[in-house]
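To start, the structure under review is shown below, and the notes come after it.
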Amino acid sequence: MKGKIVRVAGPLVIARGIPGAKMYDVVRVGNAGLVGEIIELKGDEASIQVYENTSGIGPGEPVITTGAPLSVELGPGLLTSIFDGIQRPLDVMREKVGDFITRGLDIPPLSREKKWDFEPAVKEGEEIGEGDILGEVQETKYIRHRILVPPGIKGKVRKIRGGSFTIEEEIAVIKTDDGKETSLTMLQKWPVRRPRPFKKKLPPEKILITGQRVIDAFFPLAKGGTACVPGPFGSGKTVLQHQLAKWSDAHIIIYIGCGERGNEMASVLLEFPELEDPYTGEPLINRTVLIANTSNMPVAAREASIYTGVTIAEYFRDMGYNVAVMADSTSRWAEALREISGRLEEMPGEEGYPAYLPQRVAEFYERAGRVICIGKDGREGTLSIIGAVSPPGGDLSDPVVQATLKVVKVFWSLEDWLAYRRHFPAINWLTSYSLYVENLESYLKKEIAEDWLNLRKEALKILEKEADLQEIVRLVGVESLSPKDRLLLETARSIREDFLHQNAFDPVDTYSPLKKQYLMLKIVLEFHHQLIKLLEEGKDIQDLLSHPLREEIARMRYVKNEDEKTLSDLLERVRKIGEVAHV
Amino acid sequence: MFKEYLTVREISGPLVLVEEVEGVKYDELIEITAPDGSLRRGRVLEVHEDKALVQLFEGATGIDIYRTRVRFLGRGIEIGLSLDMLGRVFDGMGRVRDDGPPIIPEITLDINGSPINPYSRDYPSEFIQTGISAIDGLNTLVRGQKLPIFSGSGLPHARVAAQIVRQAKVLGKEEKFAVVFAGMGITFEEADFFLKSFEKGVALSRTVVFLNLADDPSIERIATPRVALTCAEYLAFYKDMHVLVILLDMTNYCEALREISAARKEVPGRRGYPGYMYTDLASIYERAGRIKGKKGSITQMPILTMPEDDKTHPIPDLTGYITEGQIILSRSLHRKGIYPPIDVLPSLSRLKDRGIGKGKTREDHADLFNQLFSAYAHGKEVQELAVILGEESLSELDRIYYKFAEIFEEVYVNQGEYEERSIEETLDLGWKLLTLLPQSELKRVRPEFIEKYLPKEKFTPERGG
Ligand SMILES: Nc1ncnc2c1ncn2[C@@H]1O[C@H](COP(=O)(O)OP(=O)(O)OP(=O)(O)O)[C@@H](O)[C@H]1O
Ligand SMILES: [Mg+2]
Chain A
10 MKGKIVRVAG
20 PLVIARGIPG
30 AKMYDVVRVG
40 NAGLVGEIIE
50 LKGDEASIQV
60 YENTSGIGPG
70 EPVITTGAPL
80 SVELGPGLLT
90 SIFDGIQRPL
100 DVMREKVGDF
110 ITRGLDIPPL
120 SREKKWDFEP
130 AVKEGEEIGE
140 GDILGEVQET
150 KYIRHRILVP
160 PGIKGKVRKI
170 RGGSFTIEEE
180 IAVIKTDDGK
190 ETSLTMLQKW
200 PVRRPRPFKK
210 KLPPEKILIT
220 GQRVIDAFFP
230 LAKGGTACVP
240 GPFGSGKTVL
250 QHQLAKWSDA
260 HIIIYIGCGE
270 RGNEMASVLL
280 EFPELEDPYT
290 GEPLINRTVL
300 IANTSNMPVA
310 AREASIYTGV
320 TIAEYFRDMG
330 YNVAVMADST
340 SRWAEALREI
350 SGRLEEMPGE
360 EGYPAYLPQR
370 VAEFYERAGR
380 VICIGKDGRE
390 GTLSIIGAVS
400 PPGGDLSDPV
410 VQATLKVVKV
420 FWSLEDWLAY
430 RRHFPAINWL
440 TSYSLYVENL
450 ESYLKKEIAE
460 DWLNLRKEAL
470 KILEKEADLQ
480 EIVRLVGVES
490 LSPKDRLLLE
500 TARSIREDFL
510 HQNAFDPVDT
520 YSPLKKQYLM
530 LKIVLEFHHQ
540 LIKLLEEGKD
550 IQDLLSHPLR
560 EEIARMRYVK
570 NEDEKTLSDL
580 LERVRKIGEV
590 AHV
Chain B
13 MFKEYLTVRE
23 ISGPLVLVEE
33 VEGVKYDELI
43 EITAPDGSLR
53 RGRVLEVHED
63 KALVQLFEGA
73 TGIDIYRTRV
83 RFLGRGIEIG
93 LSLDMLGRVF
103 DGMGRVRDDG
113 PPIIPEITLD
123 INGSPINPYS
133 RDYPSEFIQT
143 GISAIDGLNT
153 LVRGQKLPIF
163 SGSGLPHARV
173 AAQIVRQAKV
183 LGKEEKFAVV
193 FAGMGITFEE
203 ADFFLKSFEK
213 GVALSRTVVF
223 LNLADDPSIE
233 RIATPRVALT
243 CAEYLAFYKD
253 MHVLVILLDM
263 TNYCEALREI
273 SAARKEVPGR
283 RGYPGYMYTD
293 LASIYERAGR
303 IKGKKGSITQ
313 MPILTMPEDD
323 KTHPIPDLTG
333 YITEGQIILS
343 RSLHRKGIYP
353 PIDVLPSLSR
363 LKDRGIGKGK
373 TREDHADLFN
383 QLFSAYAHGK
393 EVQELAVILG
403 EESLSELDRI
413 YYKFAEIFEE
423 VYVNQGEYEE
433 RSIEETLDLG
443 WKLLTLLPQS
453 ELKRVRPEFI
463 EKYLPKEKFT
473 PERGG
């Protein structure tokens, strides 16, 4: 028995009489067998969002349900992969059908042929429960893929075997308490719209190091935290997301290209195998999973892509890893939601978005966090989410921005006027914020330096003062300022140009370790203090403004990251400029 | 052969509702015979049981409810393609428009194409020399890029585009290239201007032209860029050619999209444009690029006129969100008599970084670019300040920058419509301009480049030249 299509309108198909239809079940639509998901049931009629192009589909064609919700496959082989929004492997797809996306394909996400060396971590007879580590696979050089007892399973290990297996071969048999035997493989599935369980959520307390100075020093993100990057086109959202994917000190990166450019995914595929992870020296691709549902790929699969991504992220979190998810751009996801909602003729809310948009946004970011994982060893895992938002005209009153700001704790506001001046990252230092600074305080003091937060505070204050002074300069000219204020303006400029500005395309500047960030900021501010002192001793302001050390300060960024000495020496010299009699 | 329906029930704007149909598919091509015997084409927008909502490309004039005959053709909209299309002119749906013979297709393709698998994409990195300094030097175009021109009504975007078409080349290579031009809603004069300029430059024999003029049916414009891009894909990926696609004017395209959306009574998005316009435009712009293992490429240069010169208007805004940068034309430069009036500061080529430097343009390109850009930006800021405070209030250094910005516009941005500058000329000109600044200001260029490239003599521009 099959259901029948009664209506086709773009990505929305309505079908009647699908036997056993349940909400969110995956169905196969039409003679072409397109993948779709039931998103509304009204009497006998099911509304289906279809993840593939529906051209050529019409009423009367069959619809059958798979009886299962939209799920991802989890297991060894995820890392280094590139999937579309519903986890079809794009590399395999290319091998099979060529360079253009073809519909109706049935390709499993993970290889069924590849063998993995499974090393058991439990013995026969042991009592185990959900989340316990059954064993491990060395998936890439530095990532051990832990095979966990799936949620809901508890009992005695009847059988366990090490060796080389495909993900479908049996590795263990568990005798559950009710006497039944369950066979386990390395392959598991999980429905994407249901968060994976954990034992307990904890407040984040460690910084997610990104190597981006304006972020780590001014508006830091915590491991397990959430951040958003809104900004108009060309302001640097994608470059920033790529930078975070490259340089964050997370174990695993899930990068979701949601409704954006194909060439941006190509650039990740080109660069990540070449670039080294600064923490392990391994190619970055070895810790990365890519989800690519570009703007020209079917719109409904765009809606699914962020759930596919975050579910894979949760799976690695459950192994006890620090995982970071980048979603570029959540606006495209929201637009997909709006398009489907419009076709369903739901009551539109603000800007045509469905009224449940804020709810969906909140649910998505709620999947981030620092947690105690299920499993008896009490391991900790974190999942951080960084979402780009692309508001029309860069206008922050956009409903997606507003819904996002309500839930995320870090706001990096990218602005076009900064981008026009090629001040990158174009993060506005006056309006951006991080609500994690307090959580991170003790950790930062311990890990970087006791005075780190004071430096941060002082630098921000100087920049704020600069904004006030610039108002005055615009009205009456710079000559009207006191020498001290002119010095402050110069220092503010130095903070912006020598510290905040960071070129993503320069091999050294692209990433700064915390220690280097600290020294750089320390030098800029120490220099300021010294000059103020000299000024008070009666030195001429013009000489101070053109002090020869400025040039060295401007070049700090290019000092090799491993070379701490050059900057420590510079700091020493800055401290002593007062002693060198004349400037 | 195909069943004919006489069951048109409703006609509203470009939309027609046909009832009691059978076996109709979404997005299917239809053909309509109007009572006067004329043929129209359309596509199925939605099908609900036995009702099909159809959008007509050529408008509904003369169509009635009683005598109009509708046939559903069981396939999408297709275009027959062949190399004989080079040198020919077609209408907005790909039918022969000039006096030449009909095209005997080698292959027939659906105009909607299929998305390129992101895994198959090859990252664009080959420098295209346009001969225009403001582009080559500061907003470098590469093969496979989509780089739009944001213009305004009355600005010379057509002349700029024609100049690019005439002059664009990849250095040191003799390769097969072609130009596909799609005109949407443009005037006869604009079209004629392009045709004439093709005759002079690239030679018409390398060009395929698709024209939907201002007085042609507006809904046809929905198909025009797709027809053109299908032709471009054929030339690039079946025939190994490097294709430059010019789409003019995307604003007219978007207006057609809005017209259909309004006729369907959809919930309008910003300024009445449909909420799916981003996705729709992406299905056009993303058809640029390179594919691994294929010789050819598609480079796109869509042109749009910004309503009221407003960059935040949905048309430029959504375009900017999809394309890889933008070239913005400025009305104030145009008023000053600068051609091409390229507003350097907000313009951007996002793919330039991998297209410039040693082995591509020259080793000093990136440094020079940064220095020129920051000096010009500083100069513009000073000019703004001077408007409020008066030139006298400027420091000596600021006055130098003030002057620099002026000369930069007159000498570097400004050039002849038939002047083709090689990349060396453009770079050397940049260095000449840098002699206007004190050497201590050249912080963004490496000392060894200053040594090697900075002229010893200070540059003296010939005024008004
Ligand atoms: N940190 C950086 N260093 C150097 N250049 C940068 C940096 N960030 C951004 N840019 C420049 O800005 C351009 C645009 O950045 P990006 O593509 O990230 O913008 P976006 O905000 O993602 O735009 P869209 O919304 O259209 O996708 C880049 O191509 C690059 O030239
Ligand atoms: Mg982007």
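Going down the list, the protein sequences come from chains A and B. Residues in the first sequence are numbered consecutively from 10, following my numbering. Residues in the second sequence are numbered consecutively from 13, following my numbering. Here a beta-carbon is modelled for each residue, glycine too, at the ideal position from N, C-alpha and C.
Notebook entry, point to check: Smallest Cα separation from Arg-21(B): which of Val-36(B), Gly-54(B), Arg-81(B), Met-13(B)?
Noted result: Residue numbering aside, residue 21(B) sits at position 9 when the second sequence is read from its first letter. Ranking the options by Cα distance to Arg-21(B), first place goes to Arg-81(B).
Next item on the list: Just the C-alpha distance for Glu-408(B) and Ser-359(B), rounded to the nearest angstrom, thanks.
Entry: Reading the second sequence from its first residue, position 396 is the one you call residue 408(B). Reading the second sequence from its first residue, position 347 is the one you call residue 359(B). Taking the straight line joining both Cα atoms gives about 29 angstroms.
Checklist line | Cutoff 9 angstroms: Gly-476(B) Cβ touching any chain A Cβ | finding: The residue given as residue 476(B) occupies position 464 in the second sequence. Any answer about Gly-476(B) is weak, because its pLDDT of 45 lies below 50 and its placement is not dependable; what the coordinates show is given next. Not one chain A Cβ lies under 9 angstroms of Gly-476(B).
Check: Which runs of the beta strand (DSSP E), 3 residues or longer, sit entirely within the stretch 65-151 of chain A?
Finding: 71-78, 80-83, 125-129, 142-147
Next item on the list: Could you have a look at Phe-471(B) and say whether DSSP puts it in helix, strand or coil?
Entry: In the second sequence, residue 471(B) corresponds to position 459, counting from 1. Of the three classes helix, strand and coil, the one that applies to Phe-471(B) here is coil, per DSSP.
Note to self: When you measure from the CB of Glu-594(A) to every non-hydrogen atom of ligand 2, does any distance come out below 8 angstroms?
What the structure shows: The requested residue 594(A) does not occur in the structure, where chain A is confined to residues 10 to 592.
Notebook entry, point to check: Among Phe-14(B), Glu-58(B), Arg-53(B), Pro-26(B), which one has its Cα closest to the Cα of Leu-21(A)?
Noted result: Taking the first sequence and counting its residues from 1, the one referred to as residue 21(A) is at position 12. Answer by Cα proximity: Glu-58(B).
Checklist line | Reduced DSSP category for Phe-300(A) - H, G, I as helix; E, B as strand; rest coil | finding: As a working mapping, residue 300(A) is identified with position 291 in the first sequence. Before going on, a small fix: residue 300(A) reads as Ile here, not Phe. Strand.
Note to self: Which residues in chain A have a C-beta closer than 8 angstroms to the C-beta of Lys-251(B)? List them in chain order.
What the structure shows: Taking the first residue of the second sequence as 1, we reach residue 251(B) at position 239. Those do not exist, as Lys-251(B) stays about 15 angstroms from chain A at its closest Cβ, beyond 8 angstroms.
Notebook entry, point to check: Should Pro-401(A) be labelled buried (16 or more other beta-carbon atoms within 10 Å of its own) or exposed?
Noted result: Within the first sequence, the letter at position 392 stands for residue 401(A). Looking at its Cβ environment, which holds 16 or more other Cβ atoms inside 10 Å, Pro-401(A) is buried.
Notebook entry, point to check: Where DSSP assigns a beta bridge to His-8(B), which residues make up the other side?
Noted result: Since the first residue of chain B shown is 13 and the last is 477, residue 8(B) is not available in this structure.
Note to self: Taking 9 angstroms as the threshold (C-beta atoms), are Ile-91(A) and Lys-85(A) in contact?
What the structure shows: Indexing the first sequence from 1 puts residue 85(A) at position 76. Indexing the first sequence from 1 puts residue 91(A) at position 82. In the sequence on display, residue 85(A) carries Pro and not Lys. No, they are not a contact pair.
Checklist line | Contact test: Thr-303(A) Cβ vs ligand 2 heavy atom, cutoff 8 angstroms | finding: Position 294 of the first sequence, counting from 1, holds the residue named residue 303(A). Not so, every heavy atom of ligand 2 lies at least 8 angstroms from the Cβ.
Notebook entry, point to check: Taking the alpha carbon of Cys-266(B) as the point to measure from, which residue in Ser-230(B), Leu-241(B), Ile-368(B) has its own alpha carbon closest?
Noted result: As a working note, residue 266(B) is residue 254 in the second sequence. Out of Ser-230(B), Leu-241(B), Ile-368(B), Ser-230(B) has the C-alpha closest to the C-alpha of Cys-266(B).
Next item on the list: Please classify Tyr-264(A): does DSSP put it in a helix, a strand, or coil?
Entry: Taking the first sequence and counting its residues from 1, the one referred to as residue 264(A) is at position 255. Three-state result, Tyr-264(A): strand.
Next item on the list: Report buried or exposed for Ile-334(B), applying the criterion of at least 16 other Cβ atoms within 10 angstroms of its Cβ.
Entry: The residue you call residue 334(B) lines up with position 322 of the second sequence. By the neighbour-count criterion, in which a residue is buried when 16 or more other Cβ atoms sit within 10 angstroms of its Cβ, Ile-334(B) is buried.
Check: For the beta strand (DSSP E) that contains Val-38(A), what are its first and last residues?
Finding: Residue 38(A) sits at position 29 when you count from the first residue of the first sequence. First-last of the beta strand (DSSP E) with Val-38(A): 34-38.
Check: Nearest to Phe-174(A) by alpha carbon, out of Glu-148(A), Ile-162(A), Lys-198(A)?
Finding: Your numbering for residue 174(A) matches position 165 in the first sequence. Between Phe-174(A) and the set Glu-148(A), Ile-162(A), Lys-198(A), the nearest pair of CA atoms involves Glu-148(A).
Check: Hey, would you say the C-beta of Ile-224(A) is under 8 angstroms away from at least one heavy atom of ligand 1?
Finding: As a first step, residue 224(A) is located in the first sequence; it is residue number 215 there, counting from the start. Because no heavy atom of ligand 1 lies under 8 angstroms away, the Cβ of Ile-224(A) does not count as near it: no.
Check: Alpha carbon to alpha carbon, how far is Phe-471(B) from Val-101(A)?
Finding: Here residue 471(B) corresponds to residue number 459 of the second sequence, with the count starting at 1. Here residue 101(A) corresponds to residue number 92 of the first sequence, with the count starting at 1. If I take the Cα positions, the gap works out to 58 angstroms.
Checklist line | Spatially closest choice to Glu-283(A) from Glu-269(A), Ile-294(A), Met-274(A), by CA coordinates | finding: As a position in the first sequence, residue 283(A) is number 274, starting the count at 1. Closest option to Glu-283(A), Cα to Cα, is Ile-294(A).
Next item on the list: Let me know the secondary structure DSSP gives Ala-428(A) once reduced to three states.
Entry: Locating residue 428(A) in the first sequence gives position 419, counting from the first residue. Helix, per DSSP.
Check: So with Cβ pairs under 9 angstroms, would you call Asn-570(A) a contact of chain B?
Finding: The sequence position of residue 570(A) within the first sequence is 561, counting from 1. For Asn-570(A), the answer is no, since every Cβ of chain B falls outside 9 angstroms of its Cβ.
Check: Among residues of its own chain, excluding the 5 on either side of Leu-387(A), which ones have a beta-carbon nearer than 8 angstroms to its beta-carbon?
Finding: The sequence position of residue 387(A) within the first sequence is 378, counting from 1. Rather than Leu, the amino acid found at residue 387(A) in this sequence is Gly. For Gly-387(A), where only same-chain residues beyond five positions count, the Cβ hits under 8 angstroms are Lys-208, Ile-381.
Item checked: DSSP state of Ala-438(B) mapped onto helix, strand, coil -> Here residue 438(B) is taken as the residue at index 426 of the second sequence, counted from 1. For the sequence presented, residue 438(B) should be read as Thr rather than Ala. Helix, per DSSP.
Notebook entry, point to check: Roughly how many angstroms lie between the CA atoms of Asp-494(A) and Lys-455(A), to the nearest whole one?
Noted result: Position 485 of the first sequence, counting from 1, holds the residue named residue 494(A). Position 446 of the first sequence, counting from 1, holds the residue named residue 455(A). Looking at the two C-alpha atoms, the distance is approximately 34 angstroms.
Margin query: In the DSSP output, what is His-45(A) paired with across the bridge?
Written below: In the first sequence, the residue the question calls residue 45(A) occupies position 36. The amino acid occupying residue 45(A) in the given sequence is Gly; His does not appear at that position. Gly-45(A) pairs with Val-36(A), Val-59(A).
Check: Are Pro-129(A) and Ile-48(A) close, meaning C-beta to C-beta below 9 angstroms?
Finding: Counting from one through the first sequence, the residue named residue 129(A) turns up at place 120. Counting from one through the first sequence, the residue named residue 48(A) turns up at place 39. No, the Cβ-Cβ distance between Pro-129(A) and Ile-48(A) is not below 9 angstroms.
Check: In whole angstroms, what is the alpha-carbon distance linking Arg-456(B) and Leu-380(B)?
Finding: Translated into the one-based positions of the second sequence, residue 456(B) becomes position 444. Translated into the one-based positions of the second sequence, residue 380(B) becomes position 368. Computed Cα separation, rounded: 8 angstroms.
Next item on the list: Scan the stretch 173-203 of chain A and note each continuous beta strand (DSSP E) run of 3 residues or more that stays entirely inside, going in chain order.
Entry: 181-185, 190-193, 197-200
Check: Who are the neighbours of Leu-279(A) on chain B, taking C-beta pairs under 8 angstroms?
Finding: Taking the first sequence and counting its residues from 1, one reaches residue 279(A) at position 270. By Cβ distance, chain B contributes Tyr-135.
Check: Do three or more CB pairs link the stretch 86-98 of chain B to the stretch 239-258 of chain B at distances below 8 angstroms?
Finding: yes
Check: Relative to the alpha-carbon of Gln-250(A), which residue among Gly-396(A), Ala-259(A), Gly-26(A) has its alpha-carbon at the smallest distance?
Finding: Position 241 of the first sequence, counted from the first residue, corresponds to residue 250(A). Looking at the Cα atoms, Gly-396(A) is the closest of the given residues.
Notebook entry, point to check: Run through DSSP, which three-state label would Arg-21(B) get?
Noted result: In the second sequence, counting from the first residue as 1, residue 21(B) sits at position 9. If DSSP states are grouped into helix, strand and coil, Arg-21(B) belongs with the strands.
Note to self: Please tell me whether Val-496(B) has its Cβ less than 9 angstroms away from any Cβ of chain A.
What the structure shows: Coverage of chain B is limited to positions 13 through 477, which leaves residue 496(B) absent and any answer about it impossible.
Item checked: Counterpart residues of Thr-120(B) in DSSP-defined beta bridges -> As a working mapping, residue 120(B) is identified with position 108 in the second sequence. Paired residues: Gly-92(B).
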